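Asks: Once you know that position 168 of the sequence shown is 155 in the numbering used here, the rest is easy, because the numbers rise by one and skip nothing. Below you will find the structure I want to go over with you.
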Amino acid sequence: MATSRASNRSPFANQAGPESHRPMRATTMRTIRDLDDFEARNGWRPGTEPGVDTSKPDGGHSSMTKPYVECQITVVDFSIEDIKIRELDNAGLIDFLKTPRPAWAQCRWINVNGLSWDVIRAVGQYKDLHRLAIEDMMNTGGRTKADWYHDHAFLVFTLQKLITRADGDMTQQPSKHTFWASLRQFFKVSDAGTGIPDSAAETGASNMSLNGANDPPTSLRLYNPRNEQLRTIHRYHASPNNSRAEFMEDVSALRSRDLVVVAEQVSIFLTSDNTVIAFFEASADDIEVPILARLSSPSTTLRQSCDGSLLTQAILDVIVDMAIPVQSAYSDVMEDIEMDVLTQGPSIQQSKDLYILAAEVKKMRSLIQPLENILNALREHKASIPHGIHTDSRATLQDLRDPTTGVMVSPLTAIYLSDVLDHCLLIRDNLTDITKAADDLIDLIFNTVAAYQNETLKQLTFVTIVFLPMSFLTGYFGQNFEPFPELAAGIGLFWKIVVPTIVGTVLLLQRSMIYNYVKAMFQRRRISDQRRKRERREREKTRRPPRQ
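Written out as structure tokens, the structure is:
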């Protein structure tokens, strides 16, 4: 009967209650429930609904923390005839987006400095941005990519720039040089070739260039390690191991120059109604200043086109140019280490410095190389050119836009994207060369150390061979046998025996080395004779008068 009752029981009876679960012993493995220590997004849980819904106050994820910071927002409405620039805060942008865009404004650029949930939600509702794009923008640990939706495109990538280091307060003015600071600066030989004068660091302008190109609009700001908005490349897309990040920052290849490479995520939305929305973590001003200068002039191509895709290209161009001083600084450090290895002799510390340099350069290359995919993706979405329209500054999306095709890139933008791609490829190739040179120098250091060690062993071996007969004969004459008539002959007998014995021992034990040396000497002499004969024949040909 017991078997019958058990067979009539539903197979899902144990799963009826919400608290029913498979019994587990105390010794079995347990699944980690608190993932905050293993995931950069606090409150994230496996299996949650993907994306962030801006129509809900909590984004559809009540457990996830939402950032709230005071943002610096610039809204630019422009056309060929007019331009209007507005500076807003968080609340001001929310109220501003409720008003429609003026009819005269052919293009709008919203530039946001800072990631705040209230601003992100307002912008997301304003343009109905996709929830997956919002999630990728808020997750600053994502990869570089370009996604295309029905009425907007989403780009996310990494910005890298060079700034100065400040161990104290960010607003603290540079103190007067003390005696020890001046002495340290005097003996800092590597500062002679940094390419970044002290005046550039004080004024906030970079004088570093690549292949003589014009200086990019990169800011050299004071870096404070306690500033959470600025992340070095050692903390960007890195594990939560802060000890390693702090150690790598202390021994950074650019530490001797008081320079730091910081990285941050940049997100750009390009909508089908010619609106560009850019989100920066902390470097919006570095991008905004040169682009606003171009937009303020009615004669520039950017102003004449009124093209959102070309504005996106301008942002990408500035970001790629900001990586040029970083590559130049690493190249300069590499050249200094190379000169030290070739002139001062190799050391283990130099191999450590080269490893740290190669690690930072590889990290930078891993962040700049994915930009090639974004640039190629934008070029692939180029709009087709109808017959009779030329690819000049007027052949933009104003003439080519088709509402049924979504976001497209104008042919003019595709041309300028090729230039940005060339800069990106050039930086990547230079970084690859630096990495390869560092690896070659490490091999050279160990090969040189091994060669020095072998040479030392050869010298010790030669000394041992020379003194071996002397030690033997000294022991022979030092015996206490009697009678020993040779002792009465004096010290001259000892040297008469030692010198021929040493010569014979050296010739016997070093015969292969002597043979190779004599053979190489005759070979070099024969080669020199042949070279002199060839040079003599060439001189005779030049002296011979030409035939009539």
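We treat Cβ as the ideally placed atom computed from N, Cα and C, and that holds for glycine. Bear in mind that the values here come from a model prediction, so they are computed numbers and not experimental data.
1. In chain order, what residues of the same chain have a beta carbon less than 8 Å from the beta carbon of F83, not counting five sequence neighbours either side?
2. Give the range of the alpha helix (DSSP H) segment to which N441 is assigned.
3. Is the distance from the Cβ of R152 to the Cβ of D245 below 8 Å?
4. What whole-angstrom Cβ distance do D294 and K148 have, given they're in contact under 8 Å?
5. Determine the DSSP secondary structure at E251, reduced to helix, strand or coil.
6. How would you write the range of the beta strand (DSSP E) that N100 sits in, first residue to last?
7. So, helix, strand or coil for Q497, using DSSP?
8. Would you mind sorting D440 into buried or exposed? The rule is 16 or more other CB atoms within 10 Å of its CB.
9. Using a Cβ-Cβ cutoff of less than 7 Å, which residues in the same chain neighbour A109 once the five nearest sequence positions on both sides are dropped?
10. By the 10 Å Cβ neighbour count, where 16 or more other Cβ atoms means buried, how is M500 classified, buried or exposed?
11. Between the Cα of R95 and the Cα atoms of P33, L298 and E359, which residue gives the shortest distance?
12. In whole angstroms, give me the CA-to-CA distance for R222 and E347.
13. Let me know the secondary structure DSSP gives V143 once reduced to three states.
14. Which word fits Q252, buried or exposed, when buried means at least 16 other C-beta atoms lie within 10 angstroms of its C-beta?
15. Identify which residue in S283, V249 and T258 has its Cα closest to the Cα of S270.
16. Using a Cβ-Cβ cutoff of less than 6 Å, which residues in the same chain neighbour A364 once the five nearest sequence positions on both sides are dropped?
17. Helix, strand or coil: how does DSSP classify Q356 here?
18. In terms of residues, what are the limits of the beta strand (DSSP E) holding I60?
19. Specify, as a first and last residue, the run of the beta strand (DSSP E) that V263 falls within.
20. I need the boundaries of the beta strand (DSSP E) containing E74, first residue and last residue.
21. Going by the beta-carbon positions, is the gap between S338 and I432 smaller than 8 Å?
22. Report all residues from its chain with a CB closer than 6 Å to the CB of I107; omit the five preceding and five following residues, and keep chain order.
23. Return the chain-ordered list of same chain residues with a C-beta closer than 8 Å to the C-beta of Y55, the five sequence neighbours on each side being excluded.
24. Compare the C-alpha of Y113 against each of N98, P87 and M125 and name the closest.
25. Under a Cβ-count criterion, where at least 16 other Cβ atoms within 10 Å of its own Cβ denotes burial, should A425 be classed as buried or exposed?
26. According to DSSP, T219 sits in a beta bridge with which residue or residues?
27. How many angstroms separate the CA atom of N417 from the CA atom of V143?
28. Considering only their Cβ atoms, is the gap separating S259 from I368 smaller than 8 Å?
29. What are the boundary residues of the alpha helix (DSSP H) that W104 is part of?
30. At the level of alpha carbons, what is the spacing between T205 and T419?
31. Where in the segment 468 to 533 do unbroken runs of the alpha helix (DSSP H), each at least 4 residues long, occur, reported from the N-terminal end onward?
32. Would you kindly work out how many angstroms separate the C-alpha atoms of S515 and M508, rounded to a whole number?
33. For R152, which three-state DSSP category applies?
34. Bridge partners of D123, per DSSP?
35. Expressed to the nearest angstrom, what Euclidean distance is found between the alpha-carbon atoms of K506 and Q497?
36. So, is Q446 buried or exposed, given that buried needs 16 or more other C-beta atoms within 10 angstroms?
Replies: Taking the definition as stated:
1. Reading the sequence shown from its first residue, position 96 is the one you call residue 83. Cβ within range, chain order: V62, R73 and L75.
2. Reading the sequence shown from its first residue, position 454 is the one you call residue 441. Run containing N441: P398 to F464, per the alpha helix (DSSP H) assignment.
3. On the sequence shown, residue 152 is found 165 positions in, with the first residue counted as 1. On the sequence shown, residue 245 is found 258 positions in, with the first residue counted as 1. Yes, they are a contact pair.
4. Against the sequence shown, residue 294 aligns to sequence position 307. Against the sequence shown, residue 148 aligns to sequence position 161. Their Cβ separation, rounded to whole angstroms, is 26 Å, which puts D294 and K148 out of contact at 8 Å.
5. Your numbering for residue 251 matches position 264 in the sequence shown. Three-state result, E251: strand.
6. Taking the sequence shown and counting its residues from 1, one reaches residue 100 at position 113. Bounds of the beta strand (DSSP E) holding N100 are C94 to N100.
7. As a first step, residue 497 is located in the sequence shown; it is residue number 510 there, counting from the start. Looking at Q497 - three-state DSSP - the assignment turns out to be coil, as it is neither helix nor strand.
8. As a first step, residue 440 is located in the sequence shown; it is residue number 453 there, counting from the start. Here residue 440 turns out to be Gln, not Asp, going by the sequence shown. The Cβ neighbour count for Q440, taken over all protein chains shown within 10 Å, is under 16; the residue is labelled exposed.
9. Here residue 109 corresponds to residue number 122 of the sequence shown, with the count starting at 1. Excluding sequence neighbours, A109 sits near L80, I81 and L84.
10. Here residue 500 corresponds to residue number 513 of the sequence shown, with the count starting at 1. Exposed, because fewer than 16 other Cβ atoms sit within 10 Å of the Cβ of M500.
11. Numbered from 1 along the sequence shown, position 108 holds the residue referred to as residue 95. Looking only at P33, L298 and E359, the smallest Cα-Cα distance to R95 is reached by L298.
12. Counting from 1 along the sequence shown, the entry for residue 222 is found at position 235. Counting from 1 along the sequence shown, the entry for residue 347 is found at position 360. Roughly 11 Å between the two C-alpha positions.
13. Looking up residue 143 in the sequence shown gives position 156. It is a strand residue.
14. As a working mapping, residue 252 is identified with position 265 in the sequence shown. Under the 10 Å beta carbon count, Q252 is surrounded by 16 or more other beta carbons and is classified as buried.
15. Counting from one through the sequence shown, the residue named residue 270 turns up at place 283. Checked all of S283, V249 and T258; the closest Cα to S270 is V249.
16. Here residue 364 refers to the residue found at position 377 when the sequence shown is read from its first residue. Take A364, set aside five residues on each side of it, and the residues of its chain with a beta-carbon closer than 6 Å to its own are A133, in chain order.
17. Numbered from its first residue, the sequence shown carries residue 356 at position 369. Looking at Q356 - three-state DSSP - the assignment turns out to be coil, as it is neither helix nor strand.
18. Counted from its first residue, the sequence shown places residue 60 at position 73. Note, I60: beta strand (DSSP E), Q59 to F65.
19. By 1-based counting over the sequence shown, the position of residue 263 is 276. Where V263 is concerned, the enclosing beta strand (DSSP E) stretches over T262 to F267.
20. Position 87 of the sequence shown holds residue 74. Where E74 is concerned, the enclosing beta strand (DSSP E) stretches over I70 to L75.
21. Counting from 1 along the sequence shown, the entry for residue 338 is found at position 351. Counting from 1 along the sequence shown, the entry for residue 432 is found at position 445. A distance below 8 Å separates the beta carbons of S338 and I432.
22. Along the sequence shown, read from residue 1 onward, the residue named residue 107 stands at position 120. Closer than 6 Å at the Cβ level, and outside the excluded window around I107, lies no residue.
23. Reading the sequence shown from its first residue, position 68 is the one you call residue 55. Short of 8 Å from the beta carbon of Y55, and not among the five residues preceding or following it, lie these beta carbons of its own chain, in chain order: S103, W104 and D105.
24. Within the sequence shown, the letter at position 126 stands for residue 113. Ranking N98, P87 and M125 by Cα distance to Y113 puts P87 first.
25. The residue given as residue 425 occupies position 438 in the sequence shown. The residue is buried, with at least 16 neighbouring Cβ atoms inside 10 Å.
26. Translated into the one-based positions of the sequence shown, residue 219 becomes position 232. In the DSSP output, where bridge partners are listed per residue, T219 has V249.
27. Taking the first residue of the sequence shown as 1, we reach residue 417 at position 430. Taking the first residue of the sequence shown as 1, we reach residue 143 at position 156. Each residue's alpha carbon lies about 24 Å from the other.
28. The residue given as residue 368 occupies position 381 in the sequence shown. The residue given as residue 259 occupies position 272 in the sequence shown. Before going further, note that residue 368 is His rather than Ile in the sequence given. No, the Cβ-Cβ distance between H368 and S259 is not below 8 Å.
29. In the sequence shown, the residue the question calls residue 104 occupies position 117. W104 to K114 is the extent of the alpha helix (DSSP H) around W104.
30. For the purposes of this step, residue 205 is identified with residue 218 of the sequence shown, where counting begins at 1. For the purposes of this step, residue 419 is identified with residue 432 of the sequence shown, where counting begins at 1. Confidence at T205 is low in this model, with a pLDDT of 44, below 50, so its placement is unreliable and the value that follows should be read with caution. When the Cα atoms are used, T205 and T419 turn out to be separated by approximately 22 Å.
31. For secondary structure counted as the alpha helix (DSSP H) over 4 or more consecutive residues, the segment 468 to 533 holds these complete runs in sequence order: 478 to 496 and 498 to 530.
32. Taking the first residue of the sequence shown as 1, we reach residue 515 at position 528. Taking the first residue of the sequence shown as 1, we reach residue 508 at position 521. Distance between the alpha carbons of S515 and M508: 10 Å.
33. Translated into the one-based positions of the sequence shown, residue 152 becomes position 165. DSSP places R152 in strand when its eight states are reduced to three.
34. Within the sequence shown, numbered from 1, the residue matching residue 123 stands at position 136. As far as DSSP is concerned, D123 takes part in no beta bridge.
35. Translated into the one-based positions of the sequence shown, residue 506 becomes position 519. Translated into the one-based positions of the sequence shown, residue 497 becomes position 510. Those two C-alpha atoms are separated by around 14 Å.
36. What you label residue 446 is simply residue 459 of the sequence shown in a count that begins at 1. Q446 should be labelled exposed.
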